[in-house]
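> Just so you know, the sequence shown maps onto residues -27 to -1, 1 to 316 in mature numbering (1 follows the signal peptide of the UniProt record, and there is no 0).
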Amino acid sequence: MAFYHNLATILFGILLLPLIFLTNVHGDVIDDVCAKAQQHSLCQKVLRGDPRSKNADLKTLGSIAIDIATKQAKSGQGLVLSLLKKATDPKQKTVLSTCAENYGDSIDSLGECPGLLGSGDYGGVNIKASAAFDDFGTCDVGFSDLSIPEPPELKDSSSMSQAFFYLAISLLTSVNSDLVDDVCAKTQRPTICLQALRSDPRTTGADLETLGLISIDISTNETKTAKALVSALLAGARDDPRLENRYKSCLENYQDSIESLEICPDMLRMRDYASLNIRASAAMDGPDTCDDNFEEPPAEPAELRDESVKVQTLCSIVCVISNVLLKESHNNNMTLMETYSAI
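#1: Does the beta-carbon distance from A105 to L89 come in below 8 Å?
#2: Can you tell me whether A158 is helix, strand or coil according to DSSP?
#3: For the alpha helix (DSSP H) that contains T71, what are its first and last residues?
#4: Below 8 Å CB to CB, which residues in the same chain sit around K64 once its five sequence neighbours on both sides are set aside?
#5: In whole angstroms, give me the CA-to-CA distance for M133 and C112.
#6: Excluding the five sequence neighbours on either side, which residues of its own chain have a C-beta within less than 8 Å of the C-beta of Q202, listed in chain order?
#7: Would you mind giving the Cβ-Cβ distance between A256 and C288, rounded to the nearest angstrom? I have them listed as a contact below 8 Å.
#8: Start and end of the alpha helix (DSSP H) containing T193?
#9: Does DSSP put D113 in a helix, in a strand, or in coil?
#10: Taking DSSP as the reference, what is the three-state secondary structure of L241?
#11: Does the beta-carbon of G110 have 16 or more other beta-carbons within 10 angstroms, so that it is buried, or is it exposed?
#12: Would the region 48 to 60 count as touching the region 69 to 76 if we require 3 or more Cβ pairs under 8 Å?
#13: With G22 as the anchor, note down where its alpha helix (DSSP H) starts and where it stops.
#14: Can you give me the start and stop residues for the alpha helix (DSSP H) that T262 sits inside?
#15: Around the C-beta of N28, are 16 or more other C-beta atoms found within 10 angstroms, so that it is buried, or is it exposed?
#16: Would you call the region 254 to 268 and the region 220 to 238 touching, i.e. three or more CB-CB distances under 8 Å?
#17: Give me the residue from L206, C237 and E235 with the minimum Cα distance to S222.
#18: Where do the N-terminal and C-terminal ends of the alpha helix (DSSP H) with R171 fall, by residue?
#19: So R25 and I37 are supposed to be a Cβ contact under 8 Å. How far apart are they, rounded?
#20: For my contact list, V297 and L181 are in at a C-beta cut-off of 8 Å; report their separation, rounded to the angstrom.
#21: Answer yes or no: do L184 and I294 have a C-beta to C-beta separation smaller than 8 Å?
#22: Using the beta-carbon count (16 or more within 10 Å), is M240 buried or exposed?
#23: Under a three-way DSSP split, which group does A42 fall into?
#24: By a C-beta neighbour count over all protein chains shown, 10 Å radius and 16 as the cutoff for buried, is G(-1) buried or exposed?
#25: On the criterion of 16 or more Cβ atoms from any shown chain inside 10 Å, does S131 qualify as buried, or is it exposed?
#26: Less than 8 Å separating the beta-carbons of T193 and L234?
#27: Taking T173 as the reference, which of D190, I236 and K197 has the closest Cα?
#28: Would you decide whether T43 is buried or exposed? Buried here means 16 or more other CB atoms lie within 10 Å of its CB.
#29: Could you check what DSSP says for L119 in three-state terms: helix, strand or coil?
#30: Is V153 near R171, with beta carbons less than 8 Å apart?
#31: Using the beta-carbon count (16 or more within 10 Å), is G115 buried or exposed?
#32: Straight-line CA distance for L299 to K159?
#33: Using 10 angstroms around the beta-carbon of N226, count the other beta-carbons present and answer buried if the total reaches 16, otherwise exposed.
#34: When the Cα atoms are used, what is the spatial distance from G209 to E85?
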């Protein structure tokens, strides 16, 4: 039993590790994961215990962990049913009956994970895996609530299953985390990019296309904020014809950017990544053109300049994502052509 509790502890430690960046992994992925664990050897033993983990990436390791957790859940369900048949104490029978339902719910939740993982819906996988984890915890709590001892073999089985859930969630979170960092690393201002994407809860578990839609939405909202700022500045510059003309021009520039961004979601859904890139690039031109109006004194207000930088950075995220998707689409097409040529 001590082994299983140590196992749960070490895997929970993996979950709390700084997020692992796939782009920075140069050797064995398991080594990179376990090097950050408090008990390196135990982590290695868990992950290398399955032959499928050899040369596996984080996503594959997550799939393996889900598979093992599912098998463990089914084993736990069998144990619960066996204990239920032998139980004579009414309270214990009540708790075990509930546990049987809990394990069944866990198995159902885990059964949806492979499809979600295959489609790149890491957020969906995390939700289902977390739900399965909670069901095991509910079973354990049932015994403590009625102040009756949980059978040691059932507690060990529960600890083992929860440990693999921690591992799966940790690995899948690492895959998504790497995606955000990889995208932001390609922008001119990674700090602004990271702050924008990580502060939006929708990015948790998002795949690349979903991240694209979120980035478009964030960019559109920020551009509207910038336009509202220009309108306010224009209202206060009525006595200065030169500034008034500049702000009127900026108002048009930001409106053009908004219109370009509003077309982007359709481009992304149609997988027209080249047009998406063109539209996002056009949206970047709006604030840049506005900045050009202030090449001569008076200087551009600092708050407007800051908005310009932020809007351009956010639009650049969409450009980066469109380029990555365009490259992936091209590679997939080349693979298909090679396959057909070989037939």
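A virtual CB, placed ideally from N, CA and C, is assigned to each residue, including glycine.
Once the coordinates are examined:
#1: no
#2: helix
#3: Under the DSSP assignment, T71 falls in the alpha helix (DSSP H) whose first and last residues are P63 to G91.
#4: Taken in chain order, the residues that qualify are L119 and I121.
#5: 14 Å
#6: This sequence places Leu at residue 202; Gln is not what is there. Excluding sequence neighbours, L202 sits near E276, L277 and E280.
#7: Correct: roughly 5 Å between the Cβ atoms.
#8: Per DSSP, T193 belongs to the alpha helix (DSSP H) from L181 to A208.
#9: helix
#10: helix
#11: G110 is exposed by the Cβ-count criterion.
#12: yes
#13: Where G22 is concerned, there is no enclosing alpha helix (DSSP H), given that its DSSP letter is neither H nor E.
#14: That run of the alpha helix (DSSP H) goes Y246 to D265.
#15: exposed
#16: These segments touch.
#17: L206
#18: P163 to R171
#19: With a Cβ gap of about 5 Å, R25 and I37 count as contacting.
#20: 6 Å
#21: yes
#22: So M240 ends up on the buried side.
#23: DSSP places A42 in helix when its eight states are reduced to three.
#24: Below a pLDDT of 50, predicted positions are generally treated as unreliable, and G(-1), at 41, falls in that range; the measurement from the model is reported next regardless. Under this definition G(-1) is an exposed residue.
#25: buried
#26: yes
#27: According to the sequence as given, residue 173 is Asp; it is not Thr. The shortest C-alpha separation from D173 is found at D190.
#28: buried
#29: In this structure, DSSP gives L119 a state outside helix and strand, which the three-state scheme calls coil.
#30: The answer is yes: Cβ separation under 8 Å.
#31: G115 counts as buried, since no fewer than 16 other beta carbons sit within 10 angstroms of its beta carbon.
#32: 15 Å
#33: Residue environment analysis places N226 among the buried positions, since at least 16 neighbouring C-beta atoms fall within 10 angstroms of its C-beta.
#34: 57 Å
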